[in-house]
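Asker:
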Amino acid sequence: MPETVAVQPFSARIVERLSVGAASRRERVIHSLDGLEDPVHPESLATTGADLWQRLQEQVPDGLGVVDYLLGLDAGGILPTVSLSGAAHLPYKIAWKLHLPLDGAVRFSEPHAMRTDVFAYGITPGQRMVLVDDEITTGRTLADLTCRLREAGAVPLAAVCLVEDTTRGARDLLTGLGLPLVALTTIEGPA
Numbered sequence: 033m034p035e036t037v038a039v040q041p042f043s044a045r046i047v048e049r050l051s052v053g054a055a056s057r058r059e060r061v062i063h064s065l066d067g068l069e070d071p072v073h074p075e076s077l078a079t080t081g082a083d084l085w086q087r088l089q090e091q092v093p094d095g096l097g098v099v100d101y102l103l104g105l106d107a108g109g110i111l112p113t114v115s116l117s118g119a120a121h122l123p124y125k126i127a128w129k130l131h132l133p134l135d136g137a138v139r140f141s142e143p144h145a146m147r148t149d150v151f152a153y154g155i156t157p158g159q160r161m162v163l164v165d166d167e168i169t170t171g172r173t174l175a176d177l178t179c180r181l182r183e184a185g186a187v188p189l190a191a192v193c194l195v196e197d198t199t200r201g202a203r204d205l206l207t208g209l210g211l212p213l214v215a216l217t218t219i220e221g222p223a
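Anchor point for the sequence shown: position 168 equals 200 in my numbering, and the numbering is continuous, going up by one each time.
1) Short of 6 Å in beta carbon distance, which residues of its chain neighbour residue 213, apart from the five on each side in sequence? Order them along the chain.
2) Can you give me the start and stop residues for the alpha helix (DSSP H) that residue 76 sits inside?
3) Going by beta-carbon coordinates alone, are residue 195 and residue 44 separated by less than 7 Å?
4) Among residues of its own chain, excluding the 5 on either side of residue 171, which ones have a beta-carbon nearer than 6 Å to its beta-carbon?
5) Do the stretch 90-98 and the stretch 129-137 meet, that is, are 3 or more Cβ pairs less than 8 Å apart?
6) Could you round the C-beta distance between residue 122 and residue 101 to whole angstroms and report it? I think they count as a contact, below 8 Å.
7) So residue 84 packs on residue 116, CB below 8 Å; how close in whole Å?
8) Can you list, in chain order, the residues of its chain with a C-beta nearer than 7 Å to that of residue 223? Leave out the 5 residues immediately preceding and following it.
9) What do you get for residue 166, buried or exposed, if any count of 16 or more other CB atoms within 10 angstroms of its CB means buried?
10) If distances are taken between C-alpha atoms only, which option among 158, 129 and 138 comes closest to residue 149?
11) With distances taken between CB atoms, is the gap from residue 57 to residue 47 smaller than 7 Å?
12) Tell me which residues share the same chain as residue 169 and place their Cβ nearer than 7 Å to its Cβ, disregarding the 5 neighbours each side in the sequence.
13) Contact check, residue 160 vs residue 98 under 8 Å by CB: the rounded distance?
14) Where does the unbroken beta strand (DSSP E) through residue 141 begin, and where does it stop?
15) Who pairs with residue 168 in a beta bridge, going by DSSP?
16) Would you kindly check if the distance between the Cβ of residue 126 and the Cβ of residue 108 is under 7 Å?
17) Please state whether the Cβ-Cβ distance between residue 193 and residue 215 is less than 7 Å.
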């Protein structure tokens with residue numbers, strides 16, 4: 033008989049990063065799905081995806097309409113993308129920091145990273161997608177991705193994240209681009 037696991041509520045906090053380069057952020061958001069401190073049970077992944085999907089449906093003012101797929105950002109965005117995909121029964125794609133000879137490449141920037149170039153592939157005009165990442169601080173990465181996708185004729189419908197740092201202006205930046213931001217939780221970053 034499978035073990036019944038009590039799913040803990042989603043949690044997040046900011047910690048100082050040690051041994052960082054000059055171009056990197058000095059802090060990092062860690063959360064209950066990243067597996068850094070505690071093992072993550074599959075039930076937690078499923079519950080988080082269901083919570084994200086519910087919030088997305090409730091918080092997008094005019095509804096999403098047809099969503100062709102979720103577009104997650106590599107590394108941190110993979111787990112929330114997979115969990116949301118399972119809950120919403122939507123396919124997903126992941127944007128990677130790999131420059132490959134694939135069709136429909138859209139290059140965008142993650143300005144705070146060591147390697148700033150990120151690529152989404154198979155992007156075609158008219159595709160409707162929800163952007164997914166684990167954390168949003170300044171919003172500059174998703175803002176650049178949104179602009180590049182629109183230039184390619186794609187339609188980013190909303191951005192979803194596990195954690196929004198409310199002190200860095202991401203929500204205002206994305207709202208200014210007409211991209212609703214839905215967060216599972218919010219925290220305030222360091223002053």
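Each residue gets a CB set at the ideal place from its N, CA and C atoms; glycine is no exception.
Answerer: Reading from the atomic positions:
1) 191, 203 and 206
2) 74-91
3) yes
4) 202, 205 and 206
5) no
6) 6 Å
7) 5 Å
8) At residue 223 the pLDDT is 47, less than 50, meaning the model places this residue with poor confidence; the figure from the coordinates comes in the next sentence. Closer than 7 Å at Cβ, skipping near neighbours: no residue.
9) buried
10) 129
11) no
12) 197, 200, 202 and 221
13) 6 Å
14) 138-141
15) 196
16) no
17) yes
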